[in-house]
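Worksheet for the structure shown next.
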Amino acid sequence: MTDSLPANHKALVQEVYAKPLVVKSIPTPRPTPGSAVIEILHAPIISYTRDVYNGKRKYPYPTPLVTGASAIGRVAATGPDATLLKEGDLVYFDCTIRGRDDSSAIILAGIAESGTEGSRILFHGEWRDGTFAEYAKVPLENVFVLDEKRLCGKPADGGLGYQLEQMSWLLQVLVPYGGLKSIGLQAGETVIVAPATGGFGSAAVVIALAMGARVIAMGRSAEKLADLKALSSRVETVQMTGELGSDVAALKKFGKINAFLDISPAEAEGSTHFKAAILSLAPEGRVSLMGGLLNDVAIPHRFVMRFDITLRGKWMYSRADILSLIDMMTAGVLNFRDIVNIRGTYNLEDWEKALELAANSGKLGELVVFSP
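Residue numbers (UniProt numbering): 1 to 372.
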């Protein structure tokens, strides 16, 4: 029922690219065929959000723009063709939107196009706005119903005891999950995660453990590596030295290594960990390239050729990956309730403080959210 939607709502808008954000009252979107309008409860603020909207990362997107990415919300209204969603449902909205007639046309709603004409059409048209707002219009296929009783109920009643805010960490876990799924990581295998001490890297350790793997976490910070080691007896750690031979030897002491998830930020350009991890793989090892390196990286070509190493690029994840991850979470196989630490919950007016805190919240499980 669109009658229950207010005429206007608050949103955190960027009117000119790379200029300061502003809270504005804008018309509340109405659902059309193929869409739903959700009320935003909690929207996670990724650690580098500030650098997206101040222009430092040079992400391509049009303005004016309602900022924000994924979110936890409730269905406020649906289009006439919705067959599953109902008003009041607790849902996860995912910002990775694909063209319905061309799945290679991908955008991150409220964040970036992907450089194709199809992504430009998506972003400049129906799906341009993000979730730093009270309401958002989103594609039906990007809205996932959450079992509120199971996920948020008390453990004594068969629930898992999550706070609603904590569940917005799904975005952080989904990114590395997409990479690990793409290379077929199996229970009992050993995977290197590097660098493993940032927001996405530490989330990769958590989801790899839930998938049944042993994890070798590489990083520079001994303190952060110790936090990861404390997660499970199946976590090993290697502190990066920058010396290729030493790092390869440190990795190989753990025996057969099946896979490597590269989730390097742009700042890791020139680091030796990439080559060290590849050289540590067993024959027929697999590499998932998910990092944000901006320039070309040399690979040990002869080693890759002789030992049948597979290199696979992966940007984000599929809809099927989201469904299976939510199933893992609902079953309790993936449980991050005791890992996620809500460092701050902010209203839209305090966006500068929120983005500042998020920029300094890169440790395991640290999360800052907008709660409009």
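Heads up, the beta-carbon is just placed ideally off N, CA and C, and yes, glycines get one too. On a predicted model such as this, the values are computed, not experimentally measured, just so you know.
Cβ-Cβ distance between residue i and residue j below 8 angstroms
i           : j       : result
Val-13      : Pro-64  : yes
Asn-85      : Cys-95  : This sequence places Leu at residue 85; Asn is not what is there. No.
Arg-337     : Gln-172 : no
Glu-134     : His-9   : yes
His-273     : Pro-176 : no
Ala-71      : Thr-32  : no
Ala-7       : Lys-24  : no
residue 373 : Gly-291 : Beyond the ends of the chain as shown, which are 1 and 372, falls residue 373; an answer cannot be given.
Leu-348     : Pro-44  : no
Ala-69      : Val-37  : no
Lys-181     : Ser-35  : no
For residue i, the first and last residue of its enclosing alpha helix (DSSP H)
i           : result
Val-176     : According to the sequence provided, residue 176 is Pro. The question's Val does not apply to it. Its alpha helix (DSSP H) spans residues 170 to 182.
Asp-247     : 244 to 252
Thr-190     : Segment 190 to 194 is the beta strand (DSSP E) holding Thr-190; no alpha helix (DSSP H) there.
Asp-321     : 319 to 331
Ile-72      : Note, Ile-72: premise wrong, no alpha helix (DSSP H); beta strand (DSSP E) at 71 to 78.
residue 374 : Since the first residue shown for the chain is 1 and the last is 372, residue 374 is missing from the structure and cannot be characterised.
Tyr-53      : 49 to 53
Residue i - containing beta strand (DSSP E), residue span
i       : result
Phe-93  : 90 to 93
Leu-364 : Note, Leu-364: premise wrong, no beta strand (DSSP E); not H, not E.
Val-16  : Counting along the chain, Val-16 falls outside any beta strand (DSSP E), and DSSP gives it neither H nor E.
Phe-144 : 143 to 145
Thr-116 : Here Thr-116 belongs to no beta strand (DSSP E), and DSSP marks it neither H nor E.
Arg-98  : 96 to 98
Tyr-135 : 135 to 139
Ile-107 : 106 to 108
Ala-36  : 35 to 44
Beta-carbon separation (whole angstroms), residue i vs residue j, contact threshold 8 angstroms
i       : j       : result
Pro-283 : Phe-307 : 5 angstroms
Pro-60  : Glu-113 : 5 angstroms
Thr-197 : Leu-231 : Incorrect: roughly 13 angstroms between the Cβ atoms, too far for contact.
Leu-289 : Gly-313 : 5 angstroms
Pro-300 : Ile-278 : 6 angstroms
Val-206 : Ala-217 : Contact flag wrong, Cβ pair sits at about 11 angstroms.
Leu-244 : Ile-192 : Rounded, the Cβ-Cβ distance is 14 angstroms, inconsistent with contact.
Gly-365 : Ile-339 : 4 angstroms
Gly-159 : Cys-152 : 6 angstroms
Ser-318 : Gly-178 : 7 angstroms
Reference residue i; option with closest CA among the options
i           : options                               : result
Asp-350     : Ser-4, Pro-20, Asp-3 and Ile-278      : Pro-20
Arg-150     : Ile-342, Val-16 and Met-329           : Met-329
residue 390 : Tyr-53, Gly-34 and Ala-320            : Outside the shown range of the chain (1 to 372) lies residue 390, about which nothing can therefore be said.
Tyr-48      : Val-369, Asn-360, Phe-370 and Pro-372 : Asn-360
Pro-139     : Val-75, Asn-335 and Gly-201           : Val-75
Tyr-346     : Arg-234, Glu-87 and Phe-370           : Phe-370
Ala-204     : Gly-110, Leu-174, Pro-372 and Lys-229 : Leu-174
Asn-335     : Glu-269, Phe-260, Ala-208 and Arg-214 : Ala-208
Lys-256     : Ser-233, Ser-280, Gly-270 and Ile-263 : Ser-280
Val-89      : Arg-343, Ala-156, Pro-80 and Gly-73   : Residue 89 is actually Asp in this sequence, not Val. The residue with the shortest Cα to Cα distance from Asp-89 is Gly-73.
Arg-220     : Gly-201, Leu-185, Ala-210 and Val-333 : Gly-201
Give the list of continuous alpha helix (DSSP H) stretches no shorter than 4 residues that lie fully inside the stretch 336 to 361.
351 to 359
Minimum length 3: unbroken beta strand (DSSP E) runs contained in the UniProt domain "Alcohol dehydrogenase-like C-terminal" (200 to 329)
214 to 219, 235 to 239, 259 to 262, 286 to 289 and 310 to 313
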